[in-house]
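Asker:
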Amino acid sequence: MNRLIGSIFHINGLAVQSFGFKKYLPIGKVEIVAEFLSSWGVDEIVILDIHATKNQSVTDSAVIKRVAKKINVPLSVGGGVKKLEHIKFMLDNGAEKVVISSHLYGQNKWIMEASKKFGSQCIIGCIDYKIIDNKAVILRNNGTTFIKQSLFETVDLLSKIEIGEIMLHSIDNDGRRLGYDIETLKEINAISSKPLIICGGAGNFSHIKNVISLDGCSPAIGNMLNHKEHHIAKIKAWLKTNCREKVRPNLEEFIYES
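Under my numbering, the sequence shown has 293 at position 204, and the numbering climbs by one with no breaks.
1) Judging by CA-CA distance, which residue of N101, S259 and K298 is the nearest neighbour of A151?
2) Suppose contacts are defined by Cβ-Cβ distances below 8 Å. Is I310 in contact with G130 by that definition?
3) Suppose the cutoff is 7 Å on Cβ atoms and the five residues either side in sequence are ignored; what does the same chain contact list for I344 look like?
4) Jot down the residue ranges of each uninterrupted alpha helix (DSSP H) in the region 170-200, minimum 4 residues, whole runs only, in chain order.
5) E254 by DSSP, collapsed to three states: which one?
6) Taking Cβ positions, are N197 and T142 nearer each other than 8 Å?
7) Identify whether L314 lies in helix, strand or coil by the three-state DSSP scheme.
8) Can you say whether P308 is buried or exposed, counting buried as having 16 or more other CB atoms within 10 angstroms of its CB?
9) With distances taken from CA atoms, which of P284, G214 and D149 is nearest R92?
10) For a minimum of 4 consecutive residues, which ranges assigned as the alpha helix (DSSP H) are wholly contained in the region 101-183?
11) Count the other C-beta atoms from every protein chain shown that fall within 10 angstroms of the C-beta of K111, then say buried if there are 16 or more, exposed otherwise.
12) Does the contact criterion of 3 or more C-beta pairs under 8 Å hold for the region 260-269 versus the region 118-130?
13) Report the residue from M179, F108, S204 and I221 whose alpha carbon sits nearest the alpha carbon of T273.
14) Starting from A225, follow the beta strand (DSSP E) in both directions and report where the run begins and ends.
15) Nearest to G289 by CA position, among G305, S302, S281 and I271, is which residue?
16) Mind checking whether L180 and V170 have CB atoms under 8 Å apart?
17) Distance, Cα to Cα, H296 vs N331?
18) Measuring only the C-alpha atoms, how far is V166 from N262?
19) Is it true that the CB of I134 sits closer than 8 Å to the CB of G95?
20) Beta-carbon within less than 6 Å of G183's beta-carbon, same chain only, minus the 5 sequence neighbours each way: which residues are those?
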């Protein structure tokens with residue numbers, strides 16, 4: 090069953106709204122935002138330190154611990170992960186899954202070692218991409234460095250190694266709230282053997298339904314959730330009517346009136 094995942098981007102523990110990887114609006118402490126999302130009924134939470142790789146660091150252990158203490162759903166953590174010690178560090182401090190992004194490329198050997206050591210279910214490969222001249226182009230280092238390998242080649246390679254999930258993040262759609270890149274998602278879903286997490290673009294319930302309706306695809310929702318309380322419960326109530334078999338129920342029923 091597909092999930093609704095709350096995504097939180099942060100800079101040194103300060104949660105921010107991201108707009109195209111270029112503009113960031115502070116919204117508060119990451120653990121407080123995570124606590125709200127957990128209480129509202131998200132199925133999982135992912136927190137990504139967007140400056141960790143730039144600063145040649147990993148997410149602060151204190152940040153991970155504070156978030157893990159405040160929530161009662163699975164926590165995924167990413168930011169600066171490039172070796173086995175970083176994965177162990179994050180898992181030891183409260184993460185259930187670890188997101189690898191900038192150091193994902195050309196690193197199959199150590200990623201396979203990580204999956205063998207810690208379990209493939211806890212490894213998420215995150216791909217940031219843009220559409221340029223009608224082609225999906227991968228970028229790393231918070232959208233500043235191009236990767237020659239195509240998006241489809243990368244997904245094909247990741248599908249053949251032991252990782253748990255693949256996360257696709259559309260830089261073009263990031264923060265715009267105009268909808269996910271469904272066209273690319275459908276093409277990737279057709280070749281991927283891994284569950285997909287889709288990030289960038291959620292703006293209304295129909296956008297989320299477009300992802301939930303695809304087998305093995307779960308939407309990550311960020312900026313959309315920062316404007317109204319209990320928004321996840323309302324989304325789930327709407328989805329229960331519109332694609333009942335695809336969404337996990339809330340622990341408590343919530344009646345949504347349109």
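A virtual CB, placed ideally from N, CA and C, is assigned to each residue, including glycine.
Answerer: Looking at the atomic coordinates:
1) The shortest CA-to-CA distance from A151 to any of N101, S259 and K298 is the one to N101.
2) No, the pair does not count as a contact, with Cβ atoms beyond the cut-off.
3) Confidence at I344 is low in this model, with a pLDDT of 40, below 50, so the placement of that residue should be treated as unreliable; the coordinate-derived value is given next. For I344, the CB contacts under 7 Å within the same chain, skipping 5 residues up- and downstream, are A326 in chain order.
4) Under the rule that a run must span 4 or more residues, the alpha helix (DSSP H) segments found entirely inside the region 170-200 read 173-181.
5) E254 falls in the strand class under three-state DSSP.
6) Taking the C-beta atoms as reference points, T142 is found no nearer than 8 Å to N197.
7) If DSSP states are grouped into helix, strand and coil, L314 belongs with the helices.
8) Buried, because 16 or more other Cβ atoms sit within 10 Å of the Cβ of P308.
9) Residue P284 is the option with its Cα nearest to R92.
10) The qualifying runs are 119-129, 150-159 and 173-181.
11) By the 10 Å Cβ count, K111 comes out exposed.
12) By the criterion of at least three beta-carbon pairs nearer than 8 Å, the region 260-269 is not in contact with the region 118-130.
13) T273 has its Cα closest to that of I221, out of M179, F108, S204 and I221.
14) Unbroken beta strand (DSSP E) run through A225: K224 to R229.
15) With respect to the C-alpha of G289, the residue from G305, S302, S281 and I271 having the closest C-alpha is I271.
16) No, Cβ-Cβ distance for L180 and V170 is not below 8 Å.
17) C-alpha separation (whole angstroms): 12 Å.
18) Answer to the nearest angstrom: the Cα atoms are 22 Å apart.
19) For G95 and I134, yes; Cβs fall inside 8 Å.
20) Contacts found: I153, K154 and A157.
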